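Here the structure is laid out as structure tokens; the discussion comes afterwards.
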Amino acid sequence: MDTQQKNNVLFSLARLLKEREADILNANATDLAHAENLDVALRERLQLNKTKIQHMIDSIQTIISLSDPEQKIISAYTHDNGLVIKNMTVTFGTILIIYESRPDVTIEASALAFKAGNKVLLKGGKESLHTNLALIDLWHKALSIHDIDTSYVTYLDMDRDDTQSLIANNTHDVDLIIPRGGEGLITFVTTNATVPVLVSGRGNNFLYLDSDADIDMAIDIIKNGKSRISVCNALDKVLINEQVSDEHIRMITSAVHDAGIALLGDEHIAAIDERVTRVEDMEAILKKEFLSATLFLHVVDTLDTAIDMINTYSGGHSAVIVSNNAAHANTFQQQVDCAAVYHNASSRFTDGGQFGLGGEIAISTQKLHCRGPIGLDSLVTNKWFITGTGQIR
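Take 1 as the starting number for the sequence shown in full-length UniProt numbering and just add one per residue.
What follows is the structure in structure tokens.
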């Protein structure tokens with residue numbers, strides 16, 4: 001497909017999403033009616049509304065406006081013997097995305113992979129089946145309108161055993177797998193897959209409050225970090241420099257408590273505010289991604305201690321420093337081993353749409369071949385094209 005063909009399909013998909021909004025919401029209501037046993041975070045991810053559907057449409061429109069990542073020349077070299085050697089971007093081929101609860105993945109992630117020229121296989125969770133099938137129907141209508149093979153976007157309605165066989169035996173000739181779910185799913189895929197896996201890891205994001213930080217700014221950033229609990233860019237831990245006064249710590253705990261967030265803390269924090277539950281097993285809490293209205297606060301002696309703690313316990317997703325010291329902020333951003341590192345801003349911005357990518361197919365916490373929100377330019381690989389006139393070596 002050329003760029004215009006891809007964009008024509010995406011234009012039609014955006015139009016159909018708007019026209020069939022009621023059908024999508026009805027399908028989602030069916031899924032929600034059977035989802036009483038889902039925890040709060042998964043249910044929030046599952047639920048659609050008009051705003052979320054509009055977000056899908058906006059994402060598609062942004063993707064349409066972005067340049068096509070296929071067939072871009074990365075480098076070109078002419079050999080002394082006349083060989084023309086080019087390194088160019090090419091599609092991966094077929095990408096399998098395995099995900100839980102998030103029907104927006106069916107549109108936004110697929111649209112990115114499609115614009116990059118890939119075929120997409122989608123394996124969503126059973127909890128979102130009706131919603132996903134309604135969205136796939138729109139994908140197929142959009143493809144058919146422009147005489148494009150509907151197999152470019154395929155939904156796999158299969159049970160657990162078949163899914164595990166798909167992963168372990170590559171029964172669908174997949175070139176890349178992207179698991180978006182819990183640690184159990186990610187571990188199974190990375191252990192058993194016979195093709196490359198792009199890991200969309202967990203959050204467990206940290207904020208470090210420096211000794212000279214603006215407390216009002218810090219409170220706003222912390223509260224915003226907990227404004228949604230089901231997202232991987234949510235804030236879970238706040239590390240506070242020991243020079244921050246007890247008065248300022250009390251201001252933070254009061255503001256967070258008033259926002260409806262349960263507070264956990266070390267001995268020092270618990271002594272300042274009786275509403276804080278003292279943590280006995282620090283190791284377990286520091287490792288845990290909450291996915292709930294919970295925040296842990298801990299006092300540290302230095303910036304270096306905070307950096308070491310983040311690099312030891314975080315999910316490698318996002319980390320924040322609130323500080324008026326530019327040198328401290330630079331040290332933090334250079335040395336913290338996360339995909340996105342913030343100075344005086346909320347971790348909630350780690351999102352493909354917010355970064356100008358039109359959405360993301362995943363947020364990678366590994367280092368190859370890309371990291372952070374994965375957009376169009378990361379959904380291609382490269383290939384060498386050599387043109388000669390009969391040269392031999």
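Idealized CB from N, CA, C, for every residue including glycine. Bear in mind the structure is a predicted one, so any value in this text is a computation, not a measurement.
* To do: Take every Cβ of the stretch 161-181, pair it with every Cβ of the stretch 90-98, and state whether three or more of those distances are shorter than 8 Å.
  => yes
* Residue(s) in a DSSP beta bridge with K237 -> On the sequence shown, position 237 is the one that residue 237 refers to. BP columns for K237 point to F206, F296.
* Asked: Are the beta-carbon atoms of L17 and L129 separated by less than 8 Å?
  -> The sequence position of residue 17 within the sequence shown is 17, counting from 1. The sequence position of residue 129 within the sequence shown is 129, counting from 1. No, Cβ-Cβ distance for L17 and L129 is not below 8 Å.
* Asked: Would you call F385 buried or exposed, if buried means 16 or more other Cβ atoms sit within 10 Å of its Cβ?
  -> What you label residue 385 is simply residue 385 of the sequence shown in a count that begins at 1. F385 is exposed by the Cβ-count criterion.
* Just tell me which of I229, D210, E267 has its CA closest to the CA of N325. => Stepping through the sequence shown from its first residue, residue 325 is reached at position 325. When only C-alpha atoms are compared, the closest one is D210.
* So which of A327, Y77, S59 has the shortest CA-CA distance to A113? -> For the purposes of this step, residue 113 is identified with residue 113 of the sequence shown, where counting begins at 1. A113 has its Cα closest to that of S59, out of A327, Y77, S59.
* Counting Cβ pairs closer than 8 Å, one from the stretch 289-298 and one from the stretch 258-269, do we hit at least three? -> yes
* On the premise that K50 lies in contact with G19, defined as a C-beta separation below 8 Å, what is that separation, rounded to the nearest angstrom? -> Residue 19 sits at position 19 when you count from the first residue of the sequence shown. Residue 50 sits at position 50 when you count from the first residue of the sequence shown. Going by the sequence as given, residue 19 is Glu instead of Gly. Actually they are not in contact, since the Cβ atoms of E19 and K50 sit about 13 Å apart, beyond 8 Å.
* Asked: What is the rounded straight-line gap between the Cα of I272 and the Cα of N241?
  -> Here residue 272 corresponds to residue number 272 of the sequence shown, with the count starting at 1. Here residue 241 corresponds to residue number 241 of the sequence shown, with the count starting at 1. Roughly 15 Å between the two C-alpha positions.
* Cβ contact (3+ pairs, closer than 8 Å) linking the stretch 351-361 and the stretch 54-68 -> yes
* To do: Kindly identify the DSSP beta-bridge partner or partners of H343.
  => Within the sequence shown, numbered from 1, the residue matching residue 343 stands at position 343. In the DSSP output, where bridge partners are listed per residue, H343 has I321.
* To do: For H257, I'd like the list of residues in its chain whose CB is within less than 7 Å of its CB, leaving aside the five on either flank, ordered along the chain.
  => Numbered from its first residue, the sequence shown carries residue 257 at position 257. Hits under 7 Å: L263, R275.
* Nearest-angstrom Cα distance between D39 and R102? -> Position 39 of the sequence shown, counted from the start, is the residue given in the question as residue 39. Position 102 of the sequence shown, counted from the start, is the residue given in the question as residue 102. The straight-line gap from Cα to Cα measures roughly 14 Å.
* Along the chain, where does the alpha helix (DSSP H) that runs through Y99 open and close? -> Against the sequence shown, residue 99 aligns to sequence position 99. No alpha helix (DSSP H) holds Y99; the beta strand (DSSP E) holding it covers 94-99.
* Asked: Who are the Cβ neighbours of I53 in its own chain at under 7 Å, not counting the five residues just before and after it?
  -> By 1-based counting over the sequence shown, the position of residue 53 is 53. Cβ neighbours of I53 beyond the five flanking positions: L17, E21, I24.
* To do: For I148, collect the residues of the same chain with a Cβ closer than 8 Å to its Cβ; drop the 5 residues on either side in sequence, then sort them by chain order.
  => Taking the first residue of the sequence shown as position 1, residue 148 is located at position 148. If we look at I148 and ignore the five residues flanking it on each side, its Cβ neighbours are M1, Q5, V9.
* Out of T302, L291, N344, Y313, point me to the one whose CA is closest to E283's CA. => Translated into the one-based positions of the sequence shown, residue 283 becomes position 283. For E283, the nearest C-alpha among the options comes from Y313.
* So, Q333 versus V322, is the Cβ gap smaller than 8 Å? -> Counting from 1 along the sequence shown, the entry for residue 333 is found at position 333. Counting from 1 along the sequence shown, the entry for residue 322 is found at position 322. In this structure, V322 does not lie closer than 8 Å to Q333 by Cβ.
* Is the CB-CB distance between T94 and D173 below 8 Å? -> Locating residue 94 in the sequence shown gives position 94, counting from the first residue. Locating residue 173 in the sequence shown gives position 173, counting from the first residue. A contact, by the Cβ cut-off of 8 Å.
* Would DSSP call I52 helix, strand or coil? -> Numbered from 1 along the sequence shown, position 52 holds the residue referred to as residue 52. Residue identity check: residue 52 is Lys in the sequence provided, not Ile. Helix, per DSSP.
* Mind checking which residues open and close the beta strand (DSSP E) that includes K123? => If you number the sequence shown from 1, residue 123 lands on position 123. First-last of the beta strand (DSSP E) with K123: 119-123.
* Tell me, please, whether the stretch 211-222 touches the stretch 183-190 by the rule of three or more beta-carbon pairs shorter than 8 Å. => no
* Report all residues from its chain with a CB closer than 7 Å to the CB of G375; omit the five preceding and five following residues, and keep chain order. => For the purposes of this step, residue 375 is taken as residue 375 along the sequence shown, with counting starting at 1. Closer than 7 Å at Cβ, skipping near neighbours: L112, G352, L357, G358, E360.
* What's the call for G182, buried or exposed, on a 16-neighbour Cβ count within 10 Å? -> Locating residue 182 in the sequence shown gives position 182, counting from the first residue. Exposed, since its Cβ has fewer than 16 Cβ neighbours within 10 Å.
* Asked: Taking C-beta to C-beta, are S346 and N224 nearer than 8 Å?
  -> Taking the first residue of the sequence shown as 1, we reach residue 346 at position 346. Taking the first residue of the sequence shown as 1, we reach residue 224 at position 224. Yes, Cβ-Cβ distance for S346 and N224 is below 8 Å.
* Asked: What are the start and end residues of the alpha helix (DSSP H) that includes F332?
  -> In the sequence shown, the residue the question calls residue 332 occupies position 332. Here the alpha helix (DSSP H) through F332 covers 326-335.
* **For S151 and S144, the rounded distance between their alpha carbons** => In the sequence shown, the residue the question calls residue 144 occupies position 144. In the sequence shown, the residue the question calls residue 151 occupies position 151. Spanning the two alpha carbons is a distance of roughly 10 Å.
* Asked: Straight-line CA distance for H55 to E108?
  -> Taking the sequence shown and counting its residues from 1, one reaches residue 55 at position 55. Taking the sequence shown and counting its residues from 1, one reaches residue 108 at position 108. Using only the alpha carbons, I get a separation of about 9 Å.
* Can you list, in chain order, the residues of its chain whose CB lies under 7 Å from that of A142, leaving out five sequence neighbours each side? -> As a first step, residue 142 is located in the sequence shown; it is residue number 142 there, counting from the start. The answer, listed in chain order, is V9, S12, L13, L16.
* **Residues of its chain near H79, where Cβ-Cβ distance is below 7 Å and the 5 sequence neighbours each way are ignored** => Counting from one through the sequence shown, the residue named residue 79 turns up at place 79. For H79, where only same-chain residues beyond five positions count, the Cβ hits under 7 Å are I85.
* To do: Below 6 Å CB to CB, which residues in the same chain sit around A270 once its five sequence neighbours on both sides are set aside?
  => Here residue 270 refers to the residue found at position 270 when the sequence shown is read from its first residue. Contacts found: V276, R278.
* Output yes or no for whether 8 Å exceeds the beta carbon distance between G203 and I186. => By one-based count along the sequence shown, residue 203 stands at place 203. By one-based count along the sequence shown, residue 186 stands at place 186. No, Cβ-Cβ distance for G203 and I186 is not below 8 Å.
* Asked: Rounded to the nearest angstrom, how far is the Cβ of H369 from that of C338, given a contact under 8 Å?
  -> As a position in the sequence shown, residue 369 is number 369, starting the count at 1. As a position in the sequence shown, residue 338 is number 338, starting the count at 1. That belief does not hold up - the Cβ atoms of H369 and C338 are roughly 18 Å apart, past 8 Å.
* Nearest-angstrom beta carbon gap, T106 and G124 [assumed within contact, 8 Å] -> What you label residue 124 is simply residue 124 of the sequence shown in a count that begins at 1. What you label residue 106 is simply residue 106 of the sequence shown in a count that begins at 1. Indeed they touch by this definition, with Cβ atoms about 7 Å apart.
* To do: Please state whether DSSP places R43 in a helix, a strand or coil.
  => By 1-based counting over the sequence shown, the position of residue 43 is 43. Reduced to three states, the DSSP call for R43 is helix.
* **Boundaries (first-last residue) of the beta strand (DSSP E) holding residue 456** => Absent from the model: residue 456. The displayed extent of the chain is 1 to 393, so no value can be given.
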